[in-house]
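Engineer:
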Amino acid sequence: MQQRITLKLLPSEAANESVIQQYAAQSLGLSASAITGFQVVKRSIDARGRQAWIMLTITVFVNEPFTQRTVKNLLMQDVAKATQQVIIVGAGPAGLFAALKLIEQGIKPILLERGKDVRARRRDLAALNKEGIVNPESNYCYGEGGAGTYSDGKLYTRSTKRGDVERILNILVQFGAQEKILYEAHPHIGTNKLPEIITAIREQILASGGVFLFEQKVTDFLIKDNSIYGVKTASGDTFNANAVILATGHSARDIFELLHSKSILIEAKPFALGVRVEHPQSIIDTIQYHCAPGQHRDDFLPPASYSLVQQVNDRGVFSFCMCPGGIIAPAATSEGELVVNGWSPSKRNNPFANSGIVTAVEVKDFIQFQKKPTPLAGMYFQQAVERKAFQYGGGKFVAPAQRMVDFTQGKQSASLPDCSYLPGISAAPLNEVLPSFVAESLQQAFIEFGKKMRGYFTNEAVLVATESRTSSPVRIPRDAETTQHPQIKMLFPCGEGAGYAGGIVSAAMDGEKVASNIMALLEA
7 MQQRITLKLL PSEAANESVI QQYAAQSLGL SASAITGFQV VKRSIDARGR
57 QAWIMLTITV FVNEPFTQRT VKNLLMQDVA KATQQVIIVG AGPAGLFAAL
107 KLIEQGIKPI LLERGKDVRA RRRDLAALNK EGIVNPESNY CYGEGGAGTY
157 SDGKLYTRST KRGDVERILN ILVQFGAQEK ILYEAHPHIG TNKLPEIITA
207 IREQILASGG VFLFEQKVTD FLIKDNSIYG VKTASGDTFN ANAVILATGH
257 SARDIFELLH SKSILIEAKP FALGVRVEHP QSIIDTIQYH CAPGQHRDDF
307 LPPASYSLVQ QVNDRGVFSF CMCPGGIIAP AATSEGELVV NGWSPSKRNN
357 PFANSGIVTA VEVKDFIQFQ KKPTPLAGMY FQQAVERKAF QYGGGKFVAP
407 AQRMVDFTQG KQSASLPDCS YLPGISAAPL NEVLPSFVAE SLQQAFIEFG
457 KKMRGYFTNE AVLVATESRT SSPVRIPRDA ETTQHPQIKM LFPCGEGAGY
507 AGGIVSAAMD GEKVASNIMA LLEA
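So our numbering is basically just the index in the sequence shown, starting at one, shifted up by 6.
1) My guess is that Gln111 and Met525 are in contact by the Cβ rule of under 8 Å, so how many angstroms apart are they, rounded?
2) Please state if the CB of Gly348 and the CB of Arg393 are separated by a distance shorter than 8 Å.
3) Looking at the strands, I want to know which residues DSSP matches up with Lys238.
4) The alpha helix (DSSP H) with Phe396 in it runs from where to where?
5) Give the secondary structure of Asn141 by DSSP, where H, G and I count as helix, E and B as strand, and everything else as coil.
6) Is the CB-CB distance between Val77 and Gln180 below 8 Å?
7) Pick from Val468, Arg321, Asn319 and Leu314: whose alpha carbon is nearest that of Met328?
8) Classify Ile26 as helix, strand or coil using the three-state DSSP reduction.
9) Quick check: the Cα distance between Ala40 and Val25, rounded to an integer number of angstroms?
10) Express the C-alpha separation of Asn141 and Gly55 in angstroms, rounding to a whole number.
11) Cα-Cα, which of Pro435, Lys48 and Ile64 is closest to Gln27?
12) Between Gly400 and the rest of its own chain, which residues show a CB-CB distance below 6 Å, the 5 nearest in sequence each way excluded?
13) Within the same chain, show all residues whose beta-carbon is closer than 6 Å to that of Ala514, passing over the 5 residues directly before and after it, in chain order.
14) The beta strand (DSSP E) that contains Asn360, what's its start and end?
15) Can you round the beta-carbon distance between Ala310 and Arg303 to whole angstroms, since I take them to be within the 8 Å contact cut?
16) Give the secondary structure of Thr476 by DSSP, where H, G and I count as helix, E and B as strand, and everything else as coil.
17) Does the segment 81-95 come close enough to the segment 106-121 to have 3 or more Cβ pairs within less than 8 Å?
18) Can you give the Cα-Cα distance for Gln415 and Val468, rounded to whole angstroms?
19) Whole-angstrom Cβ separation of Ile510 and Gly154, contact assumed at under 8 Å?
20) From Val391 to Trp59, what does the alpha carbon distance come to, in whole angstroms?
21) Check whether the Cβ atoms of Gly384 and Lys230 lie closer than 8 Å to each other.
22) For Gln301, count neighbouring C-beta atoms within 10 Å of its own C-beta (all shown protein chains included) and say buried if the count is 16 or more, exposed if not.
23) How far does the alpha helix (DSSP H) with Met410 in it extend, from its first residue to its last?
24) Whole-angstrom Cβ separation of Ala445 and Gln408, contact assumed at under 8 Å?
25) What are the uninterrupted segments assigned as beta strand (DSSP E) that are 3 or more residues long and contained completely in the segment 432-490, given in chain order?
26) Using CA atoms only, rank isn't needed, just tell me which of Ser241, Val283, Tyr427 and Ser267 is closest to Tyr579.
27) Would you call the segment 243-255 in contact with the segment 497-507, where contact means no fewer than 3 C-beta pairs closer than 8 Å?
28) Note down, in chain order, each residue of its chain lying with its Cβ closer than 6 Å to the Cβ of Phe413, except the 5 sequence neighbours on either side.
29) Taking Phe455 and Gln294 to be in contact with their CB atoms under 8 Å, please state how far apart those CB atoms are, rounded to whole angstroms.
30) Taking the alpha-carbon of Ala191 as reference, which of Ile334, Lys160, Leu178 and Leu212 has the nearest alpha-carbon?
What follows is the structure, encoded as structure tokens:
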């Protein structure tokens, strides 16, 4: 017999399987010997009171043999000689999961990635961090695995209506992720673990007969009678296929410009812009776990995170991609433009906590940025802010920064605290770097955040500019049912860069959705 129960345990108790079994037996009114094992269904932290508790939902095996959790593996076909093939532009989560889904359906994917594989990509990231040299084709945004590879590997999504979240998590476990992502309330993989998983997915695609090519930057679309039949790349190669999936991510500005130059419909869309905020992790732990002054968090609790949102003059200000025990990284894709992002290793054991704090940027805010109306206005607006941040930092991707309280009071910071951002930070007035409406919204929001989290509003926190790639400023429209571009047949905008996802899981689900729709159209 199997029974599902929920236990409220101290962190130390939840870390001990024998103790969990004892509490399970007590909850069910059974002897401990009747419990043969348990599977964790959900694990979350309740830190609302002075004492933090672990809420554990488990399936208990009673008087029957215990069985380990089974992970359903994909049933891959051999598509080496498949008559139908699909070009996938971009090897981020959307592109990778689209490729896997196509193979399941007997369709051959041809995956073209402008950047390098994860191993070679590391050298370019090292050059960016240590020498201030950016490779415009291989960086934190471009390369195998996309931007998600070096952005903590967060797997929490609210987009449950877009697809099967459990399936996506199971696939990640199949390719090497830890089983705990299946039951943790806010699962993450860790930037140090993701490359191995992404490599395993690539190897599966190749073993199944798919094509996976690096340093193949798409520079043109081959279109006839309003139907796409292939692409050209910067290397001079031409690839033909039955359909093309555009899964290029939120930073592929050249793709947006290519679409616009060919009069293929795209649209300006809202996005968000702000700064990355870094506190000592101990401050966030103290606030969230209600620690006494000088007291360290419970050893059985993870580094604390937070989620904040505030309305300021009818404009939303919110936290984004919060990284406990994390590091701030340079996420620029071009020389002369400064973008920051955050990531954490799987253990989240760095001494700092960072999060994007951004404010909504509406189309009306930037539509006048260009003298001539253009759907690329948001992209140009975003780019202008990034260039100003680069200038104020002084070059080599040194970032302009300011202490939090100083920023709200309009004071130049006389000094800056230690910061995890490797290229370095330089004191600067961020109200001059950011658009005025963004700076004013952030200034008020930080004060309000301090009321929600006592101790958050402090000059021990440093603001690093600029966090500007939270989402794409351009949407590539598509039919709601077929996910096909309304103007160009067999062109399928997909994932975050097209405006239909916002993270690893939602992008992966969108990739699968598009792949399934392609199958349906090819069979029709």
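Note that beta-carbon positions come from the ideal geometry of N, C-alpha and C, so glycine has one too. From a predicted model like this one, the values you see are computed outputs, not experimental measurements.
Structural biologist: Walking through what the data contain:
1) Along the sequence shown, read from residue 1 onward, the residue named residue 111 stands at position 105. Along the sequence shown, read from residue 1 onward, the residue named residue 525 stands at position 519. Between Met525 and Gln111 the Cβ distance is about 5 Å, and since that is below 8 Å, they are a contact.
2) Walking along the sequence shown from the start, residue 393 turns up at place 387. Walking along the sequence shown from the start, residue 348 turns up at place 342. No. Outside cutoff.
3) The residue given as residue 238 occupies position 232 in the sequence shown. Lys238 is bridged to Asp226 and Thr244.
4) As a position in the sequence shown, residue 396 is number 390, starting the count at 1. Residue range Ala383 to Gly399 is occupied by the alpha helix (DSSP H) that includes Phe396.
5) As a working note, residue 141 is residue 135 in the sequence shown. If DSSP states are grouped into helix, strand and coil, Asn141 belongs with the strands.
6) Taking the sequence shown and counting its residues from 1, one reaches residue 77 at position 71. Taking the sequence shown and counting its residues from 1, one reaches residue 180 at position 174. At the C-beta level, Val77 and Gln180 come within 8 Å of one another.
7) Counting from one through the sequence shown, the residue named residue 328 turns up at place 322. For the residues Val468, Arg321, Asn319 and Leu314, the minimum Cα distance to Met328 belongs to Leu314.
8) Translated into positions along the sequence shown, residue 26 becomes position 20. Here Ile26 sits in helix by DSSP.
9) As a first step, residue 40 is located in the sequence shown; it is residue number 34 there, counting from the start. As a first step, residue 25 is located in the sequence shown; it is residue number 19 there, counting from the start. Here the C-alpha atom of Ala40 lies approximately 14 Å from the C-alpha atom of Val25.
10) Within the sequence shown, numbered from 1, the residue matching residue 55 stands at position 49. Within the sequence shown, numbered from 1, the residue matching residue 141 stands at position 135. Approximately 48 Å, taken between the alpha carbons.
11) Counted from its first residue, the sequence shown places residue 27 at position 21. Checked all of Pro435, Lys48 and Ile64; the closest Cα to Gln27 is Ile64.
12) On the sequence shown, position 394 is the one that residue 400 refers to. If we look at Gly400 and ignore the five residues flanking it on each side, its Cβ neighbours are Ser432.
13) As a working note, residue 514 is residue 508 in the sequence shown. Around Ala514: Pro99, Phe103 and Ile174.
14) On the sequence shown, residue 360 is found 354 positions in, with the first residue counted as 1. Segment Phe358 to Val367, the beta strand (DSSP E) holding Asn360.
15) On the sequence shown, residue 310 is found 304 positions in, with the first residue counted as 1. On the sequence shown, residue 303 is found 297 positions in, with the first residue counted as 1. That pair is a contact at about 7 Å.
16) The sequence position of residue 476 within the sequence shown is 470, counting from 1. Coil at Thr476, not helix or strand.
17) yes
18) Counting from 1 along the sequence shown, the entry for residue 415 is found at position 409. Counting from 1 along the sequence shown, the entry for residue 468 is found at position 462. Approximately 14 Å, taken between the alpha carbons.
19) Counted from its first residue, the sequence shown places residue 510 at position 504. Counted from its first residue, the sequence shown places residue 154 at position 148. At roughly 5 Å, the Cβ-Cβ gap stays under 8 Å, so Ile510 and Gly154 are in contact.
20) For the purposes of this step, residue 391 is taken as residue 385 along the sequence shown, with counting starting at 1. For the purposes of this step, residue 59 is taken as residue 53 along the sequence shown, with counting starting at 1. The alpha-carbon atoms of Val391 and Trp59 are separated by roughly 43 Å.
21) Walking along the sequence shown from the start, residue 384 turns up at place 378. Walking along the sequence shown from the start, residue 230 turns up at place 224. No, Cβ-Cβ distance for Gly384 and Lys230 is not below 8 Å.
22) Here the question's residue 301 lines up with position 295 in the sequence shown. So Gln301 counts as exposed.
23) Within the sequence shown, the letter at position 404 stands for residue 410. That run of the alpha helix (DSSP H) goes Met410 to Gln415.
24) Walking along the sequence shown from the start, residue 445 turns up at place 439. Walking along the sequence shown from the start, residue 408 turns up at place 402. Taking C-beta atoms under 8 Å as the contact rule, Ala445 and Gln408 fail to qualify, at a distance of about 10 Å.
25) Runs of the beta strand (DSSP E) inside the segment 432-490: 468-473.
26) What the structure shows of the chain is the stretch from 7 to 530, and residue 579 is not part of that stretch, so it cannot be assessed.
27) Taking 8 Å as the limit for Cβ pairs, the verdict is that the segment 497-507 does touch the segment 243-255.
28) Counting from one through the sequence shown, the residue named residue 413 turns up at place 407. Once the five neighbours on either side are set aside, the close Cβ partners of Phe413 are Leu436 and Leu469.
29) Mapped onto the sequence shown, residue 455 falls at position 449. Mapped onto the sequence shown, residue 294 falls at position 288. Contact doesn't hold; Cβ gap of about 13 Å is too wide.
30) Residue 191 sits at position 185 when you count from the first residue of the sequence shown. Per the Cα distances, Lys160.
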